[in-house]
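Q: Encoded as structure tokens, here's the structure I'll be asking about.
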Amino acid sequence: MSRITTIGVLGGYGAVGSAVVRRLHQSTAALLLVAGRDLGRAEKLVRSLDANGALAEPVAVDLADPAALDRLAARCDLLVNCAGPSYRVLDTVARAAMRNGADYVDAAGDDPTFLRLTTDGGAREWQAAGRVALLSAGALPGLSGLLPRHLATTVGRASRLDAYLGGVAPLSPAAAGDVLLSRGPEHGTPGAGWRDGVVRERSLEPRRGLSLAAFPRPVDAFPFLATEAVRLARALQIGEVNWYTAFGGGRLPEQLALSWALGDIDTSAVVSAAAEDVRRHGTWYGQEFHLWDGDDPEASPRVLSLACEDSYELSGFMAAAAATAVLAGETPAGVHFAADVLIPTEIFQALSAEPAAKISLDGPDVPATPR
Numbered sequence: 001m002s003r004i005t006t007i008g009v010l011g012g013y014g015a016v017g018s019a020v021v022r023r024l025h026q027s028t029a030a031l032l033l034v035a036g037r038d039l040g041r042a043e044k045l046v047r048s049l050d051a052n053g054a055l056a057e058p059v060a061v062d063l064a065d066p067a068a069l070d071r072l073a074a075r076c077d078l079l080v081n082c083a084g085p086s087y088r089v090l091d092t093v094a095r096a097a098m099r100n101g102a103d104y105v106d107a108a109g110d111d112p113t114f115l116r117l118t119t120d121g122g123a124r125e126w127q128a129a130g131r132v133a134l135l136s137a138g139a140l141p142g143l144s145g146l147l148p149r150h151l152a153t154t155v156g157r158a159s160r161l162d163a164y165l166g167g168v169a170p171l172s173p174a175a176a177g178d179v180l181l182s183r184g185p186e187h188g189t190p191g192a193g194w195r196d197g198v199v200r201e202r203s204l205e206p207r208r209g210l211s212l213a214a215f216p217r218p219v220d221a222f223p224f225l226a227t228e229a230v231r232l233a234r235a236l237q238i239g240e241v242n243w244y245t246a247f248g249g250g251r252l253p254e255q256l257a258l259s260w261a262l263g264d265i266d267t268s269a270v271v272s273a274a275a276e277d278v279r280r281h282g283t284w285y286g287q288e289f290h291l292w293d294g295d296d297p298e299a300s301p302r303v304l305s306l307a308c309e310d311s312y313e314l315s316g317f318m319a320a321a322a323a324t325a326v327l328a329g330e331t332p333a334g335v336h337f338a339a340d341v342l343i344p345t346e347i348f349q350a351l352s353a354e355p356a357a358k359i360s361l362d363g364p365d366v367p368a369t370p371r
């Protein structure tokens with residue numbers, strides 16, 4: 001009798017984790033361990049799952065308890081982390097996976113986590129063990145690095161990329177903490193653009209009242225050259241990248257600016273500001289990419305637009321897709337950012353069939369693909 005694959009989802013009853021669990025429950029035959037500190041919430045999610053899907057089991061695990069983490073990881077072939085905030089999680093869960101011979105996917109896990117896992121021989125350790133760690137397997141960063149790669153396959157020579165990422169959404173305290181701490185150089189550079197292989201600071205200004213296909217109403221876009229955008233520019237050899245965070249409401253950017261100016265990391269005011277924007281404007285999220293082919297400034301760009309009501313569902317889609325790829329042996333051993341190793345066209349095609357999202361690709365010589 002063949003052994004059943006076991007997937008642990010830490011934070012499995014949260015906004016992202018529950019989206020991952022629901023997708024894997026329908027798409028795999030694995031045993032799913034829905035793990036987190038609140039056993040009652042894990043049990044409630046397991047009870048809500050369709051009886052025709054994969055087996056699921058609630059498990060109580062406190063992120064701050066190394067022994068409990070090890071017990072969870074020891075049962076897993078793959079451990080998916082959806083717990084946060086990521087600045088607190090860092091490499092804790094990944095190292096538990098490594099100690100216990102499990103592969104790892106993190107819906108967040110950005111540059112600080114990557115550095116912790118790869119310095120001092122860490123990268124060789126994962127490769128030698130034949131284990132995989134995929135980081136930034138969410139909507140942003142993650143999909144935001146994969147979709148432009150697919151768009152680049154539709155042009156001869158990508159010369160310029162403009163990206164607009166954001167919308168209006170509630171923030172959990174964990175997500176708010178990650179947003180507050182995402183302005184350091186390890187995450188990106190405010191006001192900067194990418195020009196011919198160099199980060200040009202203070203080269204871009206905010207853009208107000210933009211009407212874009214990915215968003216149901218005008219947005220204000222603030223330039224922030226994320227480290228993901230720099231990796232993307234280098235990988236695709238794009239000479240110019242302009243990367244913007246888009247806000248559909250006014251309260252959240254106001255509160256973030258105040259909190260950053262004061263060095264205040266208390267999340268309560270940020271959570272409240274996001275909630276106020278949701279009350280005023282509803283919940284919606286989008287990503288839009290404009291890519292130019294060649295150096296003709298008069299040419300029209302190819303445009304990829306992605307719209308949805310819930311960014312957490314997008315993160316769940318991406319993390320579940322990453323988990324599926326790891327289990328299928330489609331990713332190389334070692335520590336990687338998900339956007340660097342997943343196949344962009346396959347993710348685009350899967351997303352095109354995703355009920356929670358609307359995606360389109362338009363531009364010169366490209367048939368429109370609205371959904």
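Under full-length UniProt numbering, the final residue of the sequence shown carries the number 371; numbering is consecutive throughout.
All residues carry an ideal CB built from backbone N, CA and C; glycine is no exception.
1. Inspect the CB distances between the stretch 185 to 205 and the stretch 295 to 315 and report whether three or more fall short of 8 Å.
2. What residue from Leu24, Glu57 and Leu171 has the CA that sits closest to Leu327's CA?
3. Rounded to the nearest angstrom, how far is the Cβ of Ala102 from that of Cys76, given a contact under 8 Å?
4. Taking all protein chains shown into account, do 16 or more other C-beta atoms lie within 10 angstroms of the C-beta of Gln255, making it buried, or fewer, making it exposed?
5. Pick helix, strand or coil for Gln237, following the three-state DSSP scheme.
6. By how many angstroms is the C-alpha of Glu288 removed from the C-alpha of Leu304?
7. Work out the CA separation of Leu291 and Met1 for me, nearest whole Å.
8. What did DSSP end up calling Tyr104 once you bin it into helix, strand or coil?
9. From Ser311 to Ala139, what distance separates their C-alpha atoms?
10. Taking 7 Å as the cut-off, is the C-beta of Phe289 nearer than that to any heavy atom in the ligand NAP?
11. I'd like to check one pair, Val278 with Ala169: are the Cβ atoms closer than 8 Å?
12. Is the distance from the Cβ of Val155 to the Cβ of Gly193 below 8 Å?
13. Tell me the DSSP secondary structure of Arg360 in three-state form.
14. Please name the residue in Leu90, Ser86 and Trp126 whose C-alpha comes closest to that of Met98.
15. Report the rounded CA-to-CA distance for Thr119 versus Arg95, giving the unit in angstroms.
16. Output the distance between the C-alpha atoms of Thr92 and Gly167, rounded to the nearest integer angstrom.
17. Going by Cα to Cα distance, which pick from Ala35, Cys82 and Ser27 is closest to Ser172?
18. On the three-state DSSP scale, how would you describe Ala13?
19. Taking the continuous alpha helix (DSSP H) assigned at Thr92, which residues delimit it?
20. Which residues in the same chain have their Cβ closer than 7 Å to the Cβ of Asp111, if we skip the five residues on either side of it in sequence?
21. Keeping to the same chain, check which residues put their C-beta closer than 6 Å to that of Pro190; ignore five residues upstream and five downstream.
22. Just to check my reading of the structure: Ile359 and Leu306 have Cβ atoms closer than 8 Å, yes? What is that Cβ distance to the nearest angstrom?
A: On the basis of the supplied data:
1. Judged by Cβ distances under 8 Å, the stretch 185 to 205 makes no contact with the stretch 295 to 315, as fewer than three pairs qualify.
2. Working through the sequence shown from its first residue, we reach residue 327 at position 327. The option with the nearest alpha carbon to Leu327 is Leu24.
3. Numbered from 1 along the sequence shown, position 102 holds the residue referred to as residue 102. Numbered from 1 along the sequence shown, position 76 holds the residue referred to as residue 76. Sure, about 4 Å apart at Cβ, within 8 Å.
4. For this step, residue 255 is matched to residue 255 along the sequence shown. With 16 or more other Cβ atoms within 10 Å, it is buried.
5. Your numbering for residue 237 matches position 237 in the sequence shown. Looking at Gln237 - three-state DSSP - the assignment turns out to be coil, as it is neither helix nor strand.
6. To locate residue 304, count along the sequence shown from 1; it is residue 304. To locate residue 288, count along the sequence shown from 1; it is residue 288. Cα-Cα distance, rounded: 6 Å.
7. On the sequence shown, position 1 is the one that residue 1 refers to. On the sequence shown, position 291 is the one that residue 291 refers to. A caution first: Met1 carries a pLDDT of 42, below 50, which makes its placement in the model too unreliable to give a value.
8. Residue numbering aside, residue 104 sits at position 104 when the sequence shown is read from its first letter. Strand.
9. Taking the first residue of the sequence shown as position 1, residue 311 is located at position 311. Taking the first residue of the sequence shown as position 1, residue 139 is located at position 139. Our two residues, Ser311 and Ala139, have alpha carbons roughly 7 Å apart in a direct line.
10. Inclusion of the ligand NAP in the displayed structure is not the case, the ligand content being empty and no account of it being possible.
11. Mapped onto the sequence shown, residue 169 falls at position 169. Mapped onto the sequence shown, residue 278 falls at position 278. Against a cut-off of 8 Å, the Cβ pair of Val278 and Ala169 comes out as a contact.
12. As a working note, residue 155 is residue 155 in the sequence shown. As a working note, residue 193 is residue 193 in the sequence shown. No, Cβ-Cβ distance for Val155 and Gly193 is not below 8 Å.
13. Along the sequence shown, one-based indexing puts residue 360 at 360. Checking the displayed sequence, the identity of residue 360 turns out to be Ser instead of Arg. Strand, per DSSP.
14. For the purposes of this step, residue 98 is taken as residue 98 along the sequence shown, with counting starting at 1. Ranking the options by Cα distance to Met98, first place goes to Trp126.
15. Counted from its first residue, the sequence shown places residue 119 at position 119. Counted from its first residue, the sequence shown places residue 95 at position 95. Cα-Cα distance, rounded: 13 Å.
16. Stepping through the sequence shown from its first residue, residue 92 is reached at position 92. Stepping through the sequence shown from its first residue, residue 167 is reached at position 167. Each residue's alpha carbon lies about 31 Å from the other.
17. Start at 1 with the first residue of the sequence shown, and residue 172 comes out as number 172. The option with the nearest alpha carbon to Ser172 is Cys82.
18. Taking the sequence shown and counting its residues from 1, one reaches residue 13 at position 13. Going by the sequence as given, residue 13 is Tyr instead of Ala. Looking at Tyr13 - three-state DSSP - the assignment turns out to be coil, as it is neither helix nor strand.
19. Counted from its first residue, the sequence shown places residue 92 at position 92. Thr92 -> alpha helix (DSSP H) spans Thr92 to Arg99.
20. Within the sequence shown, the letter at position 111 stands for residue 111. If we look at Asp111 and ignore the five residues flanking it on each side, its Cβ neighbours are Glu186, His187 and Thr227.
21. On the sequence shown, position 190 is the one that residue 190 refers to. So the list reads Phe224, once near-sequence residues are dropped.
22. Taking the sequence shown and counting its residues from 1, the one referred to as residue 359 is at position 359. Taking the sequence shown and counting its residues from 1, the one referred to as residue 306 is at position 306. Sure, about 5 Å apart at Cβ, within 8 Å.
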